[in-house]
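Comments concern the structure below.
Chains as they are written, first to last, in my numbering: chain A, 243 to 529; chain B, 2 to 128; chain C, 99 to 191.
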């Protein structure tokens, strides 16, 4: 492809090819502090292609392709090329990652121990993990938590966090404008800006940690915390994993071990402040 | 259990747990299903095309253009629109009464390999 | 079904992990994970590598567990065996 960009995020190397220069330029800026893949050899490729021949120049629309493709996906506007690249990288990880059990979760680390925060896209885990990363925790990721089956350790995938609407203001107020990517208005997911993890988080992206607490948060409820049964946790985590089934017995072992060894809590919170204080409370009581 | 066995058990007390077979109608097994389609499909809005060139009969099968009772295709619906039609009975956008039912029937018949199938399948995953 | 026999794979075909009140079972041959309540793990254990009728299975279970052997319990066991057949943990033999 005419334009391309390579980057390493945690243990995964990506090569993003594009028919247009704009998404590549935007990626180069957003990922300026990230390393390159080892020996420049990518684990996954993403290609941003014109949906049809004509769409390269007329109302350009971007189809996301790569090693893995989601057929029937609606093409995106070129203005949102950065988001298309991110979705493409997510897709390759979700479908192609074999070395780690992937959980749809954010994670942060403190003193070698890892807090895992589960939740669907839009449930608030991204904002919470971004803020924890600015208040005494090392940010490991907001989209995927990587569990290594052989050791049970959690590894980082600290991609820029895509924040939407109000969450952008909340995080920018804490971290500053210099850590924010460009505004993309009117995307299928709303108005989006990326938040760049701190230099410390990026420098530590190859350091794993031991899972020490798993939280299931619910936003928009009165402040509360309650324990969860291991069976419920196990089933919910199989549904929060994009590759549990494809990993076969390795996935079973990794997940039963995680559930057996890691305390879990369900937390409800009405606002960010309650979330942060609940996290500290449960973390202190985690044993 | 006969008398002899009973005597043996009395001398070596062991805890035998009560085991119940469960009710006839109840389920004792939950099988883990792949969650992949649910998460990746939520990453990208998907679409389901109704083919042009042929008409769609009321039962969703493809028939020759102009067949009585059949409606034209040649439109594409988003996953969201189809989900709303299936779950909430909203009309498919831009569809006439007959097109709505014929197109929905066509969608319900989609098989793996046909355009729109992964999108349709992802709508079925339990939340 | 009276007279019907059931079989399960040998015990090394299953990885069985208790999770408080329920149990997770990984069935190696199919690659499928099931989360189950009692008496399923006990049924699998008693039937592993064997072929038994429901009646004989009930008697086998009664050796290690407290069970009332009557028509109601047998009906319950048959319901469980139907369920396990449907999900592939047990096969009719």
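Cβ atoms here follow ideal geometry from the backbone N, Cα and C, with glycine treated the same way.
Bridge partners - residue i, DSSP secondary structure assignment
i              : result
residue 48(C)  : Given a span of 99 to 191 for chain C in the structure shown, any question on residue 48(C) remains unanswerable.
residue 397(A) : 388(A)
residue 250(A) : 255(A)
residue 167(C) : Beta-bridge pairing links residue 167(C) to no other residue.
residue 356(A) : 351(A), 453(A)
residue 47(B)  : 315(A)
residue 146(C) : 106(C)
residue 151(C) : 103(C)
residue 367(A) : Per DSSP, none; premise fails for residue 367(A).
residue 32(B)  : 132(C)
residue 507(A) : 457(A), 469(A)
residue 190(C) : 104(C)
Contact set between residue i and chain C, taken where Cβ atoms lie within less than 8 Å
i              : result
residue 33(B)  : 130, 131, 132, 133
residue 257(A) : Chain C residues near residue 257(A): none, gap ~31 Å exceeds 8 Å.
residue 501(A) : 117
residue 480(A) : 131
residue 18(B)  : 163, 164
Contact set between residue i and chain C, taken where Cβ atoms lie within less than 9 Å
i              : result
residue 491(A) : 113, 124, 126, 129
residue 458(A) : Here the premise fails: no neighbours, minimum Cβ distance about 16 Å.
Cβ separation of residue i and residue j, assumed to be a contact under 8 Å, to the nearest whole Å
i              : j              : result
residue 405(A) : residue 369(A) : 7 Å
residue 517(A) : residue 346(A) : That belief does not hold up - the Cβ atoms of residue 517(A) and residue 346(A) are roughly 18 Å apart, past 8 Å.
residue 123(C) : residue 142(C) : 7 Å
residue 366(A) : residue 461(A) : 4 Å
residue 49(B)  : residue 77(B)  : 7 Å
residue 283(A) : residue 259(A) : The pair is not a contact, with the Cβ atoms about 15 Å apart (cut-off 8 Å).
residue 400(A) : residue 249(A) : About 12 Å; that fails the 8 Å criterion.
residue 145(C) : residue 155(C) : 6 Å
residue 485(A) : residue 271(A) : At roughly 31 Å, the Cβ-Cβ gap does not stay under 8 Å, so residue 485(A) and residue 271(A) are not in contact.
Proximal residues of chain B, C-beta to C-beta of residue i below 8 Å
i              : result
residue 174(C) : 21, 22, 23, 24, 25
residue 477(A) : 31, 33
Partner residues on chain A for residue i, Cβ-Cβ distance less than 7 Å
i              : result
residue 117(B) : 314
residue 48(B)  : 314, 316
Proximal residues of chain B, C-beta to C-beta of residue i below 9 Å
i              : result
residue 177(C) : 22, 23, 24, 25, 26, 27, 29
residue 183(C) : Those within 9 Å of residue 183(C) in chain B number zero; the least Cβ separation is about 11 Å.
Within chain A, partners of residue i - CB distance below 9 Å
i             : result
residue 51(B) : Those within 9 Å of residue 51(B) in chain A number zero; the least Cβ separation is about 12 Å.
Cross-chain neighbours of residue i in chain C, by beta carbon under 7 Å
i              : result
residue 473(A) : 117, 118, 119, 120, 133
residue 494(A) : 113, 124, 131
residue 360(A) : What residue 360(A) touches in chain C: nothing, since even the nearest Cβ is about 17 Å away.
residue 498(A) : 115, 122
Contact list for residue i against chain B, beta-carbon separation under 7 Å
i              : result
residue 159(C) : 20
Closer than 7 Å, Cβ to Cβ, to anything on chain A: give me those residues from the region 112 to 139 of chain C, in chain order.
Those would be 113, 115, 117, 118, 119, 120, 122, 124, 126, 129, 131, 133, in chain order.
Mind listing which residues of the region 383 to 413 of chain A have their C-beta closer than 9 Å to chain B's C-betas, in chain order?
none
Looking at chain B, which residues of the region 303 to 324 of chain A have a Cβ within less than 9 Å of any of its Cβ atoms?
Per Cβ criterion, the list reads 306, 310, 312, 313, 314, 315, 316, 318.
If the cut-off is 7 Å on Cβ atoms, which residues from the region 56 to 79 of chain B count as contacting chain A, listed in chain order?
Taking 7 Å as the Cβ-Cβ cut-off against chain A, the residues of the region 56 to 79 of chain B that qualify are 79.
Enumerate, from N- to C-terminal direction, the unbroken alpha helix (DSSP H) stretches of 4 or more residues contained entirely within the region 71 to 96 of chain B.
80 to 89
Which runs of the beta strand (DSSP E) at least 3 residues long sit entirely within the region 269 to 315 of chain A? Give them in chain order.
286 to 292, 303 to 308
What are the complete alpha helix (DSSP H) segments, minimum 4 residues, inside the region 411 to 476 of chain A?
441 to 445
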